[in-house]
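Chains as they are written, first to last, in this note's numbering: chain B, 1 to 296; chain P, 1001 to 1252; chain F, 2001 to 2258; chain H, 3001 to 3258; chain S, 4001 to 4276.
In this text, a Cβ means the ideal position worked out from N, Cα and C, and glycines have one as well.
Since this is a predicted model, take the numbers as computed values, not measurements.
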Amino acid sequence: MRPTANRRTSDLATTIFCWTAAVLTMLAVLAVMGFLLYRGAGTLGPNLFFGETHWWEAVRGVRPVFDGLWSALAGTALLVLLSCLLAVPTGIAGGIYLSEYGSRRFRAVAGFAVDLMAGIPSIVMGLFGFSLIVVLRHTFVPRAKTGLLLAAVCIALLVLPYLVRTTQNALAGLPSHLRLLGPSLGFTPWQNIRHVLLPSAGRGILSGVILAMGRAAEDTAVILLTGAVAQAFLPRSLYDKFEALPFRIYYMAAEHRTAAELDQAFGTALVLLMLTGTLFGLAFAAQRTMEKRWKG
Amino acid sequence: GSLKSFADLQGTLDIAGGTAHIPVMNEAAKRIMTANPKIRITVTGGGTGIGVQKAGEGLVDIGNTGRALSAEEVARFGLRSFAFAVDGVAPVVHSDNPVAGLSVQQVRDIFAGRITHWQAVGGPDAAIHVYGREEASGTHEVFWKKLLNKETVVGSANIIQSNGAMKVAVSRDIYAIGYMSIGHIDDSVKPLAVDGVLPSQATAIDGTYPAVRQLYMNTKGDPKPLARAFIDYILSAEGAGIIRAAGYIPLQ
Amino acid sequence: MERMKRIPEPMLEIADLSVRFAGKQVLESVNLDLYPGELVMAIGPSGSGKTTLLRAVNRLNEAYPHCNTRGQVRIRLADRWWDIYAPSTPLAELRLRVGMVFQHPNPLPFSIYKNVALPLRISLGMNPKETLLRVQRALEAVQLWSEVKDRLHDSALTLSGGQQQRLCLARVLALEPALLLLDEPTASLDFKATRHIEALFQTLKQRYPILAVTHNPGQMRRLADRVMVLQDGRCVAAMSRPEIEDPEHSRRVMEAFF
Amino acid sequence: MERMKRIPEPMLEIADLSVRFAGKQVLESVNLDLYPGELVMAIGPSGSGKTTLLRAVNRLNEAYPHCNTRGQVRIRLADRWWDIYAPSTPLAELRLRVGMVFQHPNPLPFSIYKNVALPLRISLGMNPKETLLRVQRALEAVQLWSEVKDRLHDSALTLSGGQQQRLCLARVLALEPALLLLDEPTASLDFKATRHIEALFQTLKQRYPILAVTHNPGQMRRLADRVMVLQDGRCVAAMSRPEIEDPEHSRRVMEAFF
Amino acid sequence: MPHLLRAAALACTAAAGGILLVLIYLVLPLFTSGGWGSVIAWQWLPFQGRFGILPMVVGTLLIALGALAVATPLAVGVACFVQVLAPGRIKGICLALVHYMTSIPTVIYGFVSIFLLVPLIRQWFDRGTGFSLATATIVLSLLILPTIVLVLQATLRELDRSARVTCAALGFSRPAYIRHVLLPLCRRGLLAAVVLGFGRAVGDTLISLMLAGNAPMVPASPLDATRTLTAHIALVVATDSQSTFYHSVFAAGLILFLVMVLIQLILRRLGGTFTP
Ligand SMILES: Nc1ncnc2c1ncn2[C@@H]1O[C@H](COP(=O)(O)OP(=O)(O)OP(=O)(O)O)[C@@H](O)[C@H]1O
Ligand SMILES: Nc1ncnc2c1ncn2[C@@H]1O[C@H](COP(=O)(O)OP(=O)(O)OP(=O)(O)O)[C@@H](O)[C@H]1O
Ligand SMILES: [Mg+2]
Ligand SMILES: [Mg+2]
Ligand SMILES: O=P([O-])([O-])[O-]
């Protein structure tokens, strides 16, 4: 009834290792969040968002906001929305195709392309976007400018491979009997995907979408080169330059002139954290309801 | 030349480039937009290199530089420059650092990595933390040409991306030394006297402090109406007030 | 199994079928005709290729890696012959008409109800009301209705082994296929339930010819119209109804090949 | 099942065991003593709680959500009694000594060899040479060795249904447990293989008492020393060896409860 | 529907190809002008015409591999903890937190570290400015941790579903189950996770830009400043757009790209042996 001493030690080591890893990670995250809360919570208030400007005028875009993060907040929201609109359908569709349809050859080529794209650092993607505009200006579109649309396209390209790969992996990870069963009941491949595989893989795919949205909201390197500026106010068209929360934080972290401005930076970071947290919470809730629906 | 000239204008004006200029640009933008909300002015930094490049490629309407354009840059992009202020570049240390001044040679030795300890220049018993700017910076170019005599900054120097950031970095590191636009200096950092001359706008303008430059706005070709109005405003009397308040000396 | 001359046309024709997995011969030159109204049973030792034979009929072997199939499988639907391995054959439709119950029950990780209803909704495009009716009828046919009617929305994975097996059978019956493939459909059932399901098969075979696998000699005697004996992937013997009923003869066959 | 007075102490004692899943009573007040050298069989209609009873012995019901167990299960190992549901009981060790074969074969997605070898290596800390020997012996015992000896390093998932079932049995036997729980261990086997495995159980029960589930009345008659009949989670009847052997009596019991 | 899917897949492929082509097009001037010799070198002294970016390559690899070395074991521990060892309540909290970590922006890690970690490093080791290889590595590992954990845990969950009851019945203790069943079976998932993590680490700009000190040299100790290729691009892209100086930026971009190609190729080769 007693295990060998050897085995007991390895078991104990494994247990301690796992616990330590978990506790360390949790402590690190809590430290980051706690520090932000401690430094930033005090600044939360209408002033942080709208500065001296009246909030209603600011929201309508009638009057610019100085010393407030409203424009950055709006810019980031637009950016996430636009880029997800572009990337999410394409990425999921591409992932499904690669996992369920494509020929071996196509799958290999496309899979490789997607992996490569996943490897493109965001700054290179920004560089690509920036150079693209320069090239376009010299050739077909002399009026092309960096701005919201360009940034959204680049960010969409950045998150696309994540979406493709998580979709593909989630589908590939399903047990083989699920894959056998649909066909044996006469489903077409698409029906099998739509009604059996996708619902089963839904969790995995949605967590891919979460990852993607998070990245879109937080990426700084791409927008650094494709249209984010330190002071811009609400964009009026897709081609306008814009402010974004992460860029504002990056900028203020280095450039704050007074202690008050530094506090503002902490407040901004806290807001960004809450924003991404909310996005994340929404996605999480969606995931839950979806799961309930397909299981019923 | 005054805010009234913006009354009939509308549209967007994009400004980028030199980081020394940012306080001036921001303040002017704020006043103009408050007077006429139909005008939108976007301001961002990036450094002198960005100013040349973006204005040159036509990606922004006004590109700022912290140095004069080279003949090649002017020829290639067809840029026009508008100088608006005089500024100096000064070595700075943490305000608690007991060292108050260095000789030019000491400055060169420190930035070249030949002097690595504060004690060698009469400071505390600690290693010197050198902070520098990226090569495309106008501030860097002026400091490198006029004080360092084109000697390369030591490779281990931490590279900082703007004047504002240099101030923050030096003010947070008690053993730091860096260099920045005089206009940006405030209580949080301490400028070092060089060969006995304390860098200030006064010593810069009277020629006793050597590392001096002008700040420019640049446009590709002749400025468009909104850019024209903006440049005129900066060069006006009201603009001079803004420039002075930001710590620079307006060019009349 | 040599072809028998009968007046009606067969429903299913397997000719010279060979299957290899990763180079290993699992089925070799198997022939079989299945006529309407008939229940044919494949028996043979474990690993002799019975399951592979069934899977070959609706091309499910292809779901495994390194599978190589040769030979012909044809099926007659609405008086037309379809070559199952022809590239032009609409595979999904075909599989829909060929109902298969697997050796080990494989309910989907959905609710009990949805397991049966989903194929109806999707493959047949049935409306919800009709679906409910059809689900109930199918569950009643396999005698599962009374056991699960109060928990239709529980996960099917919480059912007991025998319940799962009946659920999978109900799922296939609900689709009213043209042909049934049954891989040991009563292996997890108690003898009473087995009898009931067997009686069900007796009625069903009038409507759909059935190709079944069994390990139970008693079941074979009770149900089979013909028997084919597989050994190492080859069809080594066949028995007709009179031979099956002759205990002496069938005993000899079993002794010889198991 | 009322306790029988025998001289040897029992190996396993189940007292007043009740199990609920999500509020639904699946087992109710089940009692059973299992003595050394004995093979007890649980029979009952599908869904009557047989599998749940076996799983209660090594606390596997807990792996499913909303499970609630009451009552006592005690096991005697090396002359010490262990209360299986006591928090202090070393669960992993205990499960190691209680070998269980599932109703549906569940090979791990490793190679055939590793499926049997891994528990030996990990749980018993056996060295590689000894392991190889033990694996071979176990596979021989279930008559799988000759079929798989050339492909020991293929994935176990490519085995046929019956082969998988024997593999899972071999995996448990290799561990030489103190007690065997068998959930329809021959459901996917042909009659010849079944006979062989049954003979194996006859020898095994001398070493490990066995608690088995079967659906096959013939198997029950051939193997069982005692039988408990479950219906709706309750133990509704018991039969001793003479009763089992009496065809009239056992037929009556079966008719009554199925 | 399949046609739409196919179109999307083609779009993804085309995008990747397009980006590669544009990058190559932009680097071409370096080949024609023979600038490569000056780019593949160890010294970055642009005013003396030396545009070597090898120090940045080394800096990138050091930081990324360092972060991976810290994050991978942690992630394996966390994933196994969550999937197998954690008591119900804690499992939920821990998993939620890891999910939440994916939504913490890079720039926030950088920003907070400037005020939290940099001064600590400066004080503890009493050497260097605190902006160093070590600082960036630590923070970067925190950044890539959730990516690795989540990808890994997705694999673990599927495995666990099919193997847990079986292994429990075979008497595996939970830690033994982790070591001998889950971990060997999730090699593929782990590999995928690590590659994703490495990609993120190599590709991250903000953390190294804000924390590594950006000195264009090979660090002699973990406390020295260093510069990554990504930070290099961010720093140097601010120059006029037609000199070798500027083209070296694209060389850096291309090198980053090629590193990824190489990794992918190695992985594919490995991949073949991992099919179960
Ligand atoms: N995890 C669970 N959750 C809810 N109900 C369950 C669960 N497991 C079993 N049941 C129910 O408990 C009852 C008994 O199940 P059990 O598996 O013990 O039956 P069984 O006697 O083994 O039947 P069979 O012979 O069909 O395998 C069944 O009605 C089943 O649906
Ligand atoms: N995917 C596969 N890859 C490799 N070998 C396979 C595969 N599927 C089946 N086999 C092998 O082919 C042979 C026949 O398998 P099959 O499943 O058809 O047997 P069976 O007659 O159904 O046996 P049982 O009665 O045990 O279910 C077996 O030896 C099996 O191991
Ligand atoms: Mg089979
Ligand atoms: Mg059962
Ligand atoms: O003003 P600069 O940022 O170019 O130094």
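In three-state terms, what does DSSP make of Leu-4020 (chain S)? Three-state result, Leu-4020 (chain S): helix.
Can you pull the chain P residues whose beta carbon is under 7 Å from the beta carbon of Met-4217 (chain S), in chain order? Ordered by position in chain P, the residues that pass the 7 Å Cβ test against Met-4217 (chain S) are Gly-1155, Ser-1156.
Could you list which residues in chain S have their beta carbon closer than 8 Å to that of Thr-1152 (chain P), in chain order? Ordered by position in chain S, the residues that pass the 8 Å Cβ test against Thr-1152 (chain P) are Leu-4045, Phe-4047, Gln-4048.
Alpha carbon to alpha carbon, how far is Ser-4248 (chain S) from Ile-1160 (chain P)? Each residue's CA atom was taken as its position, placing Ser-4248 (chain S) and Ile-1160 (chain P) some 20 Å apart.
Inter-residue CB distance, Phe-1143 (chain P) and Ile-1234 (chain P) (contact presumed, cutoff 8 Å): Ile-1234 (chain P) and Phe-1143 (chain P) do not touch by the CB rule: their CB atoms are close to 25 Å apart, not below 8 Å.
If you scan the segment 1003-1071 of chain P from start to end, which runs of the alpha helix (DSSP H) of 4 or more residues do you find wholly inside it? Runs of the alpha helix (DSSP H) inside the segment 1003-1071 of chain P: 1022-1035, 1048-1057.
State the Cα-Cα distance for the pair Val-3057 (chain H) and Cys-4094 (chain S), rounded to the nearest angstrom. Whole-angstrom Cα-Cα distance: 32 Å.
Any C-beta of chain H under 7 Å from that of Gln-2025 (chain F): Answer no: the Cβ-Cβ gap between Gln-2025 (chain F) and chain H never drops below 7 Å.
Ligand 1 heavy atoms versus the CB of Tyr-3064 (chain H): any closer than 6 Å? Yes, Cβ of Tyr-3064 (chain H) sits closer than 6 Å to a heavy atom of ligand 1.
Can you list the residues of chain H that Phe-4172 (chain S) reaches, using a CB-CB cut of under 9 Å? For Phe-4172 (chain S), the residues of chain H that pass the 9 Å Cβ criterion are Ala-3092, Arg-3095, Leu-3096, Leu-3118, Pro-3119, Ile-3122, Ser-3123, in the order they occur in the chain.
If you draw a straight line from the C-alpha of Glu-3176 (chain H) to the C-alpha of Glu-2147 (chain F), how long is it? Each residue's alpha carbon lies about 38 Å from the other.
Among S:Asp-4224, S:Leu-4028, S:Thr-4060, S:Val-4261, which has the Cα closest to the Cα of Arg-4122 (chain S)? Here the closest residue by C-alpha is S:Asp-4224.
Do the segment 135-151 of chain B and the segment 1049-1069 of chain P touch if we need at least three Cβ pairs shorter than 8 Å? Yes, the segment 135-151 of chain B touches the segment 1049-1069 of chain P.
Residues around ligand 5, please: the ones whose beta-carbon is closer than 5 Å to some heavy atom of it, in chain order. Taking each Cβ in turn, the ones that pass are P:Gly-1018, P:Thr-1019, P:Ala-1020, P:Gly-1047, P:Thr-1048, P:Gly-1066, P:Ser-1137, P:Gly-1138, P:Thr-1139.
Between Gln-3164 (chain H) and ligand 6, is the CB less than 6 Å from at least one heavy atom? Although ligand 6 was asked about, the structure shown includes only ligand 1, ligand 2, ligand 3, ligand 4 and ligand 5 as ligands.
On the DSSP bridge list, what partners appear for Cys-3259 (chain H)? Absent from the structure is residue 3259 (chain H), since the part of chain H shown begins at 3001 and ends at 3258.
Nearest neighbour of Ala-28 (chain B), chosen from S:Thr-4147, S:Val-4098, S:Val-4027, S:Gly-4059 [CA to CA]: If we check each option's Cα against that of Ala-28 (chain B), S:Val-4098 comes out closest.
Quick check: is the beta carbon of Val-114 (chain B) nearer than 7 Å to any beta carbon in chain S? For Val-114 (chain B), the nearest beta carbon of chain S is closer than 7 Å to its own beta carbon.
Leaving out the 5 sequence neighbours to the left and right, which residues in its chain are closer than 7 Å to Ile-4207 (chain S) when beta-carbon positions are compared? Cβ within range, chain order: Thr-4106, Tyr-4109, Gly-4110, Ala-4136, Val-4139, Leu-4140, Leu-4143.
Less than 6 Å between the CB of Thr-3051 (chain H) and some heavy atom of ligand 4, yes or no? Correct: Thr-3051 (chain H) has its Cβ closer than 6 Å to ligand 4.
Which residue wins for smallest C-alpha separation from Ser-2123 (chain F), given the options F:Pro-2105, F:Gly-2099, F:Glu-2243? Taking only the C-alpha atoms, the option nearest Ser-2123 (chain F) is F:Gly-2099.
Would Pro-64 (chain B) pass as an interface residue toward chain D - the criterion being a Cβ-Cβ separation below 7 Å? Looking at the structure shown, chain D is missing, and the protein chains on hand are B, P, F, H and S.
By how many angstroms is the C-alpha of Thr-3186 (chain H) removed from the C-alpha of Asn-2216 (chain F)? Looking at the two C-alpha atoms, the distance is approximately 11 Å.
Against chain P, does Gln-231 (chain B) count as a neighbour if the rule is that its beta carbon must be under 7 Å from one of theirs? Chain P, which has a Cβ nearer than 7 Å to the Cβ of Gln-231 (chain B), makes this yes.
Between P:Leu-1215, P:Glu-1027, P:Arg-1228, which has its C-alpha nearest Glu-1238 (chain P)'s C-alpha? Nearest C-alpha to Glu-1238 (chain P): P:Glu-1027.
Pairs of beta-carbons, one from the segment 3230-3250 of chain H and one from the segment 74-85 of chain B, closer than 8 Å: are there three or more? At 8 Å Cβ cutoff, the stretches do not touch.
Alpha carbon to alpha carbon, how far is Arg-1228 (chain P) from Met-1217 (chain P)? Give it in angstroms, no decimals. Arg-1228 (chain P) has its alpha-carbon roughly 11 Å from the corresponding atom of Met-1217 (chain P).
State the Cα-Cα distance for the pair Leu-1147 (chain P) and Tyr-251 (chain B), rounded to the nearest angstrom. Approximately 29 Å between the Cα atoms of the pair.
Pull up the distance between the alpha-carbon of Leu-4196 (chain S) and that of Val-4259 (chain S), whole angstroms please. Roughly 14 Å between the two C-alpha positions.
Contacts of Arg-4164 (chain S) in chain H (Cβ-Cβ under 9 Å): Residues of chain H passing the Cβ test: Ala-3063.
Close Cβ partners of Met-3001 (chain H) (< 7 Å) along its chain, the five nearest in sequence each way excluded: In this predicted model, Met-3001 (chain H) has a pLDDT of only 48, less than 50, meaning its place in the structure is not dependable; the value taken from the coordinates is given anyway. Cβ within range, chain order: Asn-3031, Leu-3032, Met-3228, Cys-3235, Ala-3238.
Same chain only: Cβ atoms within 8 Å of Met-1 (chain B), ignoring 5 sequence neighbours per side: Low confidence applies to Met-1 (chain B): its pLDDT is 46, below 50, so where it sits in the model is not reliable enough to give any reading.
Residue from F:Val-2253, F:Glu-2245, F:Thr-2051, F:Leu-2180 with nearest C-alpha to Gly-1960 (chain F): No statement about residue 1960 (chain F) is possible, as the shown extent of chain F runs from 2001 to 2258 and does not include it.
What whole-angstrom Cβ distance do Phe-4131 (chain S) and Asn-1149 (chain P) have, given they're in contact under 8 Å? Not quite, the Cβ-Cβ distance comes to about 27 Å (not below 8 Å), so this is no contact.
Own chain, CB closer than 7 Å to Val-3253 (chain H), minus 5 neighbours either side, in chain order: Excluding its 5 nearest sequence neighbours in each direction, Val-3253 (chain H) has C-beta neighbours in its own chain below 7 Å: Val-3229, Ala-3237, Met-3239, listed in chain order.
If we call anything under 7 Å between Cβ atoms a contact, is Ile-2197 (chain F) one with Arg-2221 (chain F)? Not closer than 7 Å, so no.
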